[in-house]
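Shown next, in structure tokens, is the structure this report addresses.
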Amino acid sequence: IIVIKVPNFSYSWEHFLKGIIANISESNTWKYNSHISEIRNILCPVIWTSWGGWILIMKKADVKKHIDYVRNLPKEGNIYSKWEVLGFNGDNKADNYGFYENRIVKIDYGQ
1 IIVIKVPNFS YSWEHFLKGI IANISESNTW KYNSHISEIR NILCPVIWTS WGGWILIMKK
61 ADVKKHIDYV RNLPKEGNIY SKWEVLGFNG DNKADNYGFY ENRIVKIDYG Q
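Residues in the sequence shown are numbered from 1 upward in steps of one, following this note's numbering.
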């Protein structure tokens, strides 16, 4: 199962351009780091990106399962510290993560 990510052009021109840059960033991050098992295991895999970042195809992670998981955790502690240590912090809200192959991965990691 896959997800197709396209920049949101209905909100604003600036938001659309940031979406293109985020797609390119996610693609490059995956391309240059997926050979490192520690990073490959915490990011959702990118399958393909069009020229210019107009379209990004990524594996599908179960976001709802992750949100339910987080909802049932005790409030203390930082479950995203693994991502922060490896430099993928920022925007650590539950819907930016999901379960993929029985592990939590970040699905929105474009800078």
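Glycine included, every Cβ here is placed at the ideal spot set by N, Cα and C.
Start and end residues, alpha helix (DSSP H) containing residue i
i: F99; result: Counting along the chain, F99 falls outside any alpha helix (DSSP H), though it belongs to the beta strand (DSSP E) covering Y97 to Y100.
i: V85; result: S81 to V85
i: I67; result: V63 to R71
i: I39; result: S37 to R40
Per DSSP, cross-strand counterpart(s) of residue i
i: T29; result: In the DSSP output, where bridge partners are listed per residue, T29 has none listed.
i: W51; result: Per DSSP, none; premise fails for W51.
i: N56; result: First, the residue type needs correcting, since residue 56 is Leu and not Asn in the sequence shown. In DSSP, L56 forms a bridge with K5 and T49.
Rounded Cβ spacing between residue i and residue j (contact assumed at less than 8 Å)
i: T49; j: S27; result: 4 Å
i: K93; j: I42; result: Not confirmed; about 16 Å, so no contact.
Beta-carbon gap between residue i and residue j smaller than 8 Å
i: I36; j: I2; result: no
i: P74; j: K59; result: no
i: F88; j: Y69; result: no
i: G53; j: I104; result: no
i: G98; j: A61; result: yes
i: E38; j: L86; result: yes
Cβ-heavy atom distance, residue i to the ligand ADP, below 7 Å
i: S10; result: The ligand ADP is absent from the structure shown, which contains no ligands of any kind.
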